[in-house]
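When you line the sequence shown up against numbering that gives the first Met the number 0, it's residues 0 to 291, in that order. Heads up, the beta-carbon is just placed ideally off N, CA and C, and yes, glycines get one too. Only a predicted model underlies this, so the values are computations on that prediction, with no experimental measurement involved.
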Amino acid sequence: MSSSFEKHQKRRLISSYFSVVLSIALVLFLLGLLGMLILNAKKVSDHFKEQVVVTIYLKDNAKDVETKQLEKSLAMADYVKSTEYVSKEQAAEFMKVENGEDFMDFVGYNPLQNSIDVHLKADFVTSEHLEKISAEALNKNFVEEVTYDNDLVNLMNDNVKKISFWVLVISAIFTLIAVLLINSSIRLAVYSKRFTIKTMQMVGATKQFIRRPFVWKSVRLGMVGAFLALIGMAIVLYYLNKTFTELELLSNPILMVLLFVFVFTLGIIITWISTHFATQRFLNLKTDDLYY
Numbered sequence: 000m001s002s003s004f005e006k007h008q009k010r011r012l013i014s015s016y017f018s019v020v021l022s023i024a025l026v027l028f029l030l031g032l033l034g035m036l037i038l039n040a041k042k043v044s045d046h047f048k049e050q051v052v053v054t055i056y057l058k059d060n061a062k063d064v065e066t067k068q069l070e071k072s073l074a075m076a077d078y079v080k081s082t083e084y085v086s087k088e089q090a091a092e093f094m095k096v097e098n099g100e101d102f103m104d105f106v107g108y109n110p111l112q113n114s115i116d117v118h119l120k121a122d123f124v125t126s127e128h129l130e131k132i133s134a135e136a137l138n139k140n141f142v143e144e145v146t147y148d149n150d151l152v153n154l155m156n157d158n159v160k161k162i163s164f165w166v167l168v169i170s171a172i173f174t175l176i177a178v179l180l181i182n183s184s185i186r187l188a189v190y191s192k193r194f195t196i197k198t199m200q201m202v203g204a205t206k207q208f209i210r211r212p213f214v215w216k217s218v219r220l221g222m223v224g225a226f227l228a229l230i231g232m233a234i235v236l237y238y239l240n241k242t243f244t245e246l247e248l249l250s251n252p253i254l255m256v257l258l259f260v261f262v263f264t265l266g267i268i269i270t271w272i273s274t275h276f277a278t279q280r281f282l283n284l285k286t287d288d289l290y291y
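Written as structure tokens, this is what we have:
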């Protein structure tokens, strides 16, 4: 009978430890993903900003020397990421592929213009900078027109600000929820040992002596949970970096390492603090209150 009871208690204890480890792992995993999002938010927004194209259309009488000089000066500018010269023949071929038919069969000639596609660095993709760059290009007498999607630029910049704000708010809320969930799981684990805590206290053990094994046990569980969370984060990071190579998620490995260290340390700190306060609560309870 006693052996059966001990086995039952052991199974309950293992189940309690498993739930604590699982809670810690899931919560830290989600926090880690949120951390990766925050660290790479600017990189992602920069990537989309740099897809905005400023197209400089050239007049038909533009000389090759003038065109090459303009392209070279743009390529050397500190606000330009890349440039590409697109001839009217290339533009016509692109439209043919895009539309599935040759429009020149109906028109009889190529009405398109030679152009230079300019991709700006993300920090310069603002309405003010675009207007300034457009004005400088239009000062050239061989430039016909400069076009870009100003509405898209404004919308993108507004959305980046909104997303950045809400990511910070959600991060704060999620961190609080994480602490509460882990704290709740640990309190349940300590609750199952409340009679042991009170018995040790009644035979004269100090609070620090009683608390120490509970704290170390929880810290070890926190380390296991954090380790599992880091494995999950590493797998997600690997597949994201493999799928979206243009984002270069691993271009700054030091930040990623610091994030992993932070998540691991957070698992230890939260479990230590939660166990400290959970055991303190039962240490301060009267014997009669243990049954409620």
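{"Item": "Helix, strand or coil: how does DSSP classify VAL218 here?", "Value": "helix"}
{"Item": "For VAL223 and LEU236, what's the separation of their Cα atoms in angstroms?", "Value": "20 Å"}
{"Item": "Among the residues of its own chain, which have a CB less than 6 Å from the CB of ARG186, if the five just before and after it don't count?", "Value": "ALA277"}
{"Item": "Pick out whichever of LYS95, ASP63, ALA76 has its Cα sitting closest to the Cα of TYR84.", "Value": "ASP63"}
{"Item": "Hey, quick one: how far does the beta strand (DSSP E) through LEU119 stretch, first residue to last?", "Value": "114–119"}
{"Item": "On the three-pair Cβ rule with 8 Å, is the stretch 43–56 touching the stretch 250–259?", "Value": "no"}
{"Item": "Classify PHE17: buried if its beta carbon has 16 or more other beta carbons within 10 angstroms, exposed otherwise.", "Value": "exposed"}
{"Item": "Within its chain, find whatever has a CB closer than 8 Å to the CB of LEU21; leave out the 5 residues flanking it on each side and keep chain order.", "Value": "GLY224"}
{"Item": "So, at 6 Å on beta carbons, what are the nonlocal neighbours of LYS58 in its own chain, with the 5 sequence-adjacent residues on each side left out?", "Value": "PHE141, GLU143"}
{"Item": "Check whether the Cβ atoms of SER163 and HIS118 sit closer than 8 Å, and answer yes or no.", "Value": "no"}
{"Item": "Considering Cα atoms alone, identify which of VAL19, GLY34, LYS41, ALA24 is closest to ASN292.", "Value": "Here the chain covers residues 0 to 291 and nothing more, so residue 292 does not appear."}
{"Item": "Can you list the alpha helix (DSSP H) stretches of 4 or more residues lying completely in the stretch 190–252, in chain order?", "Value": "193–201, 206–242"}
{"Item": "Is the stretch 257–274 in contact with the stretch 226–245, if contact means three or more CB pairs nearer than 8 Å?", "Value": "yes"}
{"Item": "So, for VAL218: in the same chain, excluding its five sequence neighbours on each side, which residues have a beta-carbon less than 6 Å away from its beta-carbon?", "Value": "ILE267, THR270, TRP271"}
{"Item": "Classify MET232 as buried or exposed, calling it buried when 16 or more other Cβ atoms lie within 10 Å of its own Cβ.", "Value": "buried"}
{"Item": "Between the C-alpha atoms of TYR147 and LEU36, what's the straight-line distance to the nearest angstrom?", "Value": "29 Å"}
{"Item": "How would you write the range of the beta strand (DSSP E) that THR82 sits in, first residue to last?", "Value": "79–85"}
{"Item": "Going by DSSP, what residue range makes up the beta strand (DSSP E) through GLU144?", "Value": "142–146"}
{"Item": "Just verifying my parser: in three-state terms, what is the DSSP assignment at THR54?", "Value": "strand"}
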